[in-house]
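If you use our numbering, the sequence shown corresponds to residues 647 to 930, in order. Backbone N, C-alpha and C fix where the C-beta goes; we use that ideal spot for every residue, glycine too. Before any comments, here is the structure.
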Amino acid sequence: MQSNTKPHELFDETLDINATENYELAIQAGADGFSFCILDTLRSKMVMLRSFEPDESRYFNAGNIREYIMKDDFLTRHYKKIRLITPSPKTTLVPAELYDPGKKDEYFRFNYRQDADEIILSNKLANPDVFIVFAINKHLADVLNEFYTAIHPCVHLTPLFSNLSKHQKEPGRCYLHVHIEKDFFNLIQYTGGDLKLCNTFRYRNISDILYYTMNVFNRSGLDQEDTIHLSGQTEKFDELYSSFAMYVRKIQFSNPSGNFTFSYVFNDIELHRFINLFSIFNCA
């Protein structure tokens with residue numbers, strides 16, 4: 647059954663359910679939550695956000711996602727464009743020049759066990775020039791295809807990399823980014839603008855995140871004056887932020903950027919928490 651948790655909602659007063667042909671819709675759906683936002687393409691402005699999270703220690707299933715879609719009037723309208731995001735802890739990067747689409751399942755199984763209820767998909771990135779191979783729950787994929795036929799889902803790393811590529815990297819400098827999901831996190835390192843590391847780690851507590859991140863931080867020759875960039879399910883002065891602050895002086899939350907602005911109603915949220923949902927509009 648669906649969680650009783652009330653959704654987090656933001657509406658701009660210009661939002662018009664009868665004008666969705668001028669809007670683009672982005673949906674992020676997974677076991678950890680369900681959220682969507684709307685971009686008014688005439689004004690290049692984000693005008694709506696609605697987000698649901700399961701109760702603590704619980705997860706959504708495909709039936710929950712289907713129920714949310716069916717009950718929400720905005721999610722069954724016609725849009726200029728629709729984009730789908732499915733977070734996954736099981737991803738692997740393959741250089742584009744080595745990628746063979748007929749072997750994507752083989753690439754995946756080189757690093758992970760494929761569960762019986764999983765299918766394997768891939769996304770092409772421009773920067774870095776790689777394919778991301780990832781797993782998605784088959785039942786979730788069926789629900790999304792039921793409502794949004796022929797729309798290929800993106801794994802959460804696709805919009806995340808799109809956003810990171812828009813930030814200028816100093817030559818010779820190390821850029822370290824930590825993206826937090828409910829029970830896993832991504833650790834991404836650039837040096838001089840080149841991708842050096844992209845790993846996914848499961849975690850049980852804050853200590854796990856600190857251990858892996860500070861290990862890379864120290865091995866990269868960084869010091870207390872260098873910056874750790876954060877996004878996802880963390881915020882200023884929470885336990886994770888406070889723990890990092892014991893070791894580094896500069897902690898920066900990475901906000902989405904692109905050819906769009908945000909309605910003033912978005913001033914009430916931490917934009918970095920929805921970085922992938924907003925950044926997907928930068929993707930082709």
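With 16 other Cβ atoms within 10 Å as the buried cut-off, status of residue i
i: ALA787; result: buried
i: PRO902; result: buried
i: ALA672; result: buried
i: LYS749; result: exposed
i: PHE706; result: buried
i: HIS724; result: exposed
i: THR859; result: buried
i: MET694; result: buried
i: ASP658; result: buried
i: MET892; result: exposed
i: MET716; result: exposed
i: SER734; result: buried
i: ASN832; result: buried
i: PHE777; result: buried
Which of helix, strand or coil DSSP assigns to residue i
i: ALA675; result: strand
i: ARG755; result: helix
i: VAL862; result: helix
i: PRO735; result: coil
i: ILE915; result: coil
i: PRO741; result: strand
i: VAL779; result: strand
i: GLU670; result: strand
i: ASP788; result: helix
i: LEU721; result: helix
i: LYS749; result: helix
Opening and closing residue of the alpha helix (DSSP H) in which residue i lies
i: ALA708; result: 708–717
i: GLU764; result: Segment 764–770 is the beta strand (DSSP E) holding GLU764; no alpha helix (DSSP H) there.
i: ASN922; result: 921–925
Residue i to residue j span [Cα, whole Å]
i: HIS798; j: THR732; result: 10 Å
i: GLU713; j: LEU771; result: 32 Å
i: LEU803; j: LEU656; result: 25 Å
i: PHE863; j: ILE921; result: 23 Å
i: PRO747; j: VAL779; result: 10 Å
i: THR704; j: ILE855; result: Residue identity check: residue 704 is Arg in the sequence provided, not Thr. About 21 Å.
i: PHE754; j: ILE766; result: 8 Å
i: ASP686; j: THR907; result: 10 Å
i: GLN618; j: SER808; result: With the chain covering 647 to 930 only, the question about residue 618 has no answer from this structure.
i: PHE720; j: SER866; result: 46 Å
i: VAL740; j: ASP751; result: 12 Å
i: GLU702; j: GLU743; result: 43 Å
i: LEU923; j: ALA677; result: 16 Å
i: TYR745; j: GLU764; result: 21 Å
i: LEU688; j: ASN668; result: 7 Å
i: ALA665; j: ILE684; result: 11 Å
Extent of the continuous beta strand (DSSP E) run through residue i
i: GLU885; result: Here GLU885 belongs to no beta strand (DSSP E); instead the alpha helix (DSSP H) covers 885–890.
i: GLU655; result: 654–657
i: GLY904; result: Careful: GLY904 lies outside any beta strand (DSSP E) and carries neither H nor E.
i: HIS875; result: 873–878
i: VAL693; result: 691–698
i: GLN898; result: 896–899
Any C-beta of chain D under 7 Å from that of residue i
i: ASP746; result: Here chain D cannot be found, since the structure has a single protein chain.
Problem - Completely contained beta strand (DSSP E) runs for the region 792–857, where each covers 3 or more residues - result: Listed in chain order, the complete beta strand (DSSP E) runs (minimum 3 residues) inside the region 792–857 are 820–826, 830–837 and 840–848.
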